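Using the UniProt record's numbering, the first residue of the sequence shown is number 1, and each one after it goes up by one.
Glycine included, every Cβ here is placed at the ideal spot set by N, Cα and C.
It should be emphasised that the depicted structure is a prediction, and the values quoted were computed from it without experimental measurement.
Presented below is the structure to which this report refers.
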Amino acid sequence: MPATNLVALAASLREALDSPLVVESDADREARLDIIDMIPVLNRKFVGELQTIRDMAWEWLNVLSLKAVSHWNIATLVPLEGEISYTDLSTKCGLESTALRRLLRHAMTNGMFHEPTIDHIAHNSMSRNLVEDPKTAAWVDLQTETILLGGTYQCEALDRWPNSESKRETGVSIGFHNPGQTSLFEEVKKTPEKIQKFGLAMELFSSGEGYEVGSLVEGYDWAKLGEGTIVDVGGANGFASSAISDAYPSLKIVVQDIDVTEDMKTEHKRPNIQFQKYDFFTPQVVKDADVYLYRWIFHNWQDEQCIQILRAAIPALKPGAKILINDGCLPLPGTGHASLEKAARNIDICMMVAMNAKEREEADWEELFKKADPRFKYWGATRPTGSRMMLIEAEWEGTKVG
Numbered sequence: 001m002p003a004t005n006l007v008a009l010a011a012s013l014r015e016a017l018d019s020p021l022v023v024e025s026d027a028d029r030e031a032r033l034d035i036i037d038m039i040p041v042l043n044r045k046f047v048g049e050l051q052t053i054r055d056m057a058w059e060w061l062n063v064l065s066l067k068a069v070s071h072w073n074i075a076t077l078v079p080l081e082g083e084i085s086y087t088d089l090s091t092k093c094g095l096e097s098t099a100l101r102r103l104l105r106h107a108m109t110n111g112m113f114h115e116p117t118i119d120h121i122a123h124n125s126m127s128r129n130l131v132e133d134p135k136t137a138a139w140v141d142l143q144t145e146t147i148l149l150g151g152t153y154q155c156e157a158l159d160r161w162p163n164s165e166s167k168r169e170t171g172v173s174i175g176f177h178n179p180g181q182t183s184l185f186e187e188v189k190k191t192p193e194k195i196q197k198f199g200l201a202m203e204l205f206s207s208g209e210g211y212e213v214g215s216l217v218e219g220y221d222w223a224k225l226g227e228g229t230i231v232d233v234g235g236a237n238g239f240a241s242s243a244i245s246d247a248y249p250s251l252k253i254v255v256q257d258i259d260v261t262e263d264m265k266t267e268h269k270r271p272n273i274q275f276q277k278y279d280f281f282t283p284q285v286v287k288d289a290d291v292y293l294y295r296w297i298f299h300n301w302q303d304e305q306c307i308q309i310l311r312a313a314i315p316a317l318k319p320g321a322k323i324l325i326n327d328g329c330l331p332l333p334g335t336g337h338a339s340l341e342k343a344a345r346n347i348d349i350c351m352m353v354a355m356n357a358k359e360r361e362e363a364d365w366e367e368l369f370k371k372a373d374p375r376f377k378y379w380g381a382t383r384p385t386g387s388r389m390m391l392i393e394a395e396w397e398g399t400k401v402g
């Protein structure tokens, strides 16, 4: 009896899953993205539209079981080798054993942990990441303990504060039972542990697939600057600048941030990098640099604040100086890869919930420069190969101001 299309498809998929799926070329990369795009489409095709809607309505359950793993530090209590009974794990984490078993068995349906013998839990390759990679653990903690809380109240926030641009008028402030009086950053800064975890989570995000700093290094013509000067505005500990420095050691780089600690100065120390305390809403103090770089800065702010940031740079700009923004850029709906659009829109909604901020389309970036000062010439936005971030560039065509 000849195989039906479904039987043949299932056999092909099983064969593919049993083979190494290695990305070795640009064609492989495109094929991989095509397959990722097809997976949810296939799921909708097989389960039907009504079941898809039902499944969407309880996606929060996946987050709940992951939140439980993070909240009770379960991954660190399960031995990396061997197994542990639910009873013993319950004693260690403080969660009643029946609830613990139910939550972890739900997590297993998402590929997290496994039961080698009944009522005993052990790590698998996925769950080990929560122990062996502190950045991943910090990311899960931030999303499930803080951002999720804000998301629960985001509709209420939009009803309560329509058109607000305040970082305090968000779902996060309602979630922390202090509506309109606190922000994500204010909550994060309350304890050294929260500050550390937030930093680790942001490092993970910045180094994730498509967000690696390598695309910034390789995607812009830094060589044309020769021995020129770059100002990395809001550059934190200088991890992006250090990568540029390693590839172009003749450049002079100033890393600016509102808080500069001794640890920040040493973590990515390079002979051609110096650190400087600076608030990017105030007039720029490093004059006549060739490039003023803003990486992952503007998406934290609403348009009015972004315009203030651009105007603050003007007193330092010489004719021909470049503003280079390395940030996200929303595609028009239905263009490009669906999975990449989904990732970009996830960030957009996350920024709404967390900070009343947003991601932007390319036309929005051009408009920001026009509103900041018509003497900015907008050169456009380009996406380096393999990157999910854009390089958005404008040139100062005015005379020297400062």
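What are the boundary residues of the beta strand (DSSP E) that includes residue i?
| i | result |
| --- | --- |
| A381 | 376 to 382 |
| V233 | 229 to 233 |
| E393 | 390 to 396 |
| V69 | Premise fails: V69 lies in the alpha helix (DSSP H), 60 to 71, not in any beta strand (DSSP E). |
| K252 | 252 to 257 |
| L216 | Unbroken run through L216 is the alpha helix (DSSP H), 214 to 219; no beta strand (DSSP E). |
| D303 | Taken as a continuous stretch (DSSP letters only), D303 belongs to no beta strand (DSSP E), being part of the alpha helix (DSSP H) at 303 to 313. |
| T91 | It is not in any beta strand (DSSP E) - T91 instead sits in the alpha helix (DSSP H) that spans 86 to 93. |
| H114 | 114 to 117 |
Quick check: what's the CA-CA separation for residue i versus residue j?
| i | j | result |
| --- | --- | --- |
| Q154 | G171 | 4 Å |
| E218 | L6 | 44 Å |
| V140 | D133 | 11 Å |
| E212 | S387 | 8 Å |
| E304 | E187 | 24 Å |
| E262 | C306 | 29 Å |
| R32 | L148 | 30 Å |
| R375 | G398 | 5 Å |
| M1 | I392 | Any reading at M1 must be qualified, since the residue scores a pLDDT of 40, below 50, and its modelled position is unreliable; no value is offered. |
| K45 | K342 | 19 Å |
| N346 | G235 | 24 Å |
| Q51 | T98 | 29 Å |
| K377 | G334 | 29 Å |
| S242 | T152 | 39 Å |
| residue 437 | V401 | Lying outside 1 to 402, the shown extent of the chain, residue 437 is not represented and no answer is given. |
| D232 | P192 | 25 Å |
| P116 | W72 | 22 Å |
| Q284 | D18 | 56 Å |
| L21 | V47 | 26 Å |
| F185 | K197 | 12 Å |
By a C-beta neighbour count over all protein chains shown, 10 Å radius and 16 as the cutoff for buried, is residue i buried or exposed?
| i | result |
| --- | --- |
| L216 | buried |
| L42 | exposed |
| V23 | exposed |
| D26 | exposed |
| residue 450 | Any answer about residue 450 is impossible in this case: the structure gives the chain only from 1 up to 402. |
| Y150 | Reading off the sequence shown, one finds Gly at residue 150, where the question assumed Tyr. Classification of G150: buried, given that the 10 Å Cβ count is 16 or more. |
| H268 | buried |
| N163 | exposed |
| R54 | exposed |
| K322 | buried |
| D257 | buried |
| V353 | buried |
Looking at residue i: is its Cβ nearer than 8 Å to the Cβ of residue j?
| i | j | result |
| --- | --- | --- |
| V286 | V254 | yes |
| A201 | A138 | yes |
| L368 | L310 | yes |
| T136 | L204 | yes |
| T144 | S206 | no |
| E227 | S250 | yes |
| A57 | G82 | no |
| Q181 | R160 | no |
| H114 | N129 | no |
| L330 | E361 | yes |
| A344 | G320 | no |
| Y86 | D34 | no |
Once the 5 residues before and after residue i are set aside, which same chain residues still bring their CB inside 8 Å of it?
| i | result |
| --- | --- |
| T351 | Just to set this straight, residue 351 is Met in the shown sequence, not Thr. The answer, listed in chain order, is H299, N300, A357, K358, E359. |
| P40 | A338 |
| R29 | V23, G386 |
| L324 | Y220, V291, Y292, L293, Y294, L391, I392, E393 |
| C93 | W72, N73, I74, L77, L100 |
| G214 | A243 |
Using a Cβ-Cβ cut-off of 8 Å, state whether residue i counts as contacting chain D.
| i | result |
| --- | --- |
| E203 | In summary, chain D is missing from the structure at hand, where a single protein chain is found. |
Going by beta carbon distance, what residues of the same chain come within less than 6 Å of residue i, once the five residues before and after it are set aside?
| i | result |
| --- | --- |
| M264 | N237 |
| R295 | A240, N326 |
| K67 | T144 |
| T229 | K252, A289, D290 |
| E142 | The question names Glu, but residue 142 in the sequence shown is Leu. So the qualifying residues of the chain are A201. |
| K371 | I307 |
Please go through the same chain and pick out, in chain order, the residues whose beta-carbon is closer than 7 Å to the beta-carbon of residue i, but skip the five residues on each side of it.
| i | result |
| --- | --- |
| V131 | A75, T76, L80 |
| I314 | D373, V401 |
Where does the unbroken alpha helix (DSSP H) through residue i begin, and where does it stop?
| i | result |
| --- | --- |
| N346 | 338 to 355 |
| Q274 | From DSSP, Q274 is part of no alpha helix (DSSP H) but of the beta strand (DSSP E) over 273 to 277. |
| D290 | D290 -> no alpha helix (DSSP H), and no H or E assigned at all. |
| D28 | 26 to 47 |
| A137 | 134 to 142 |
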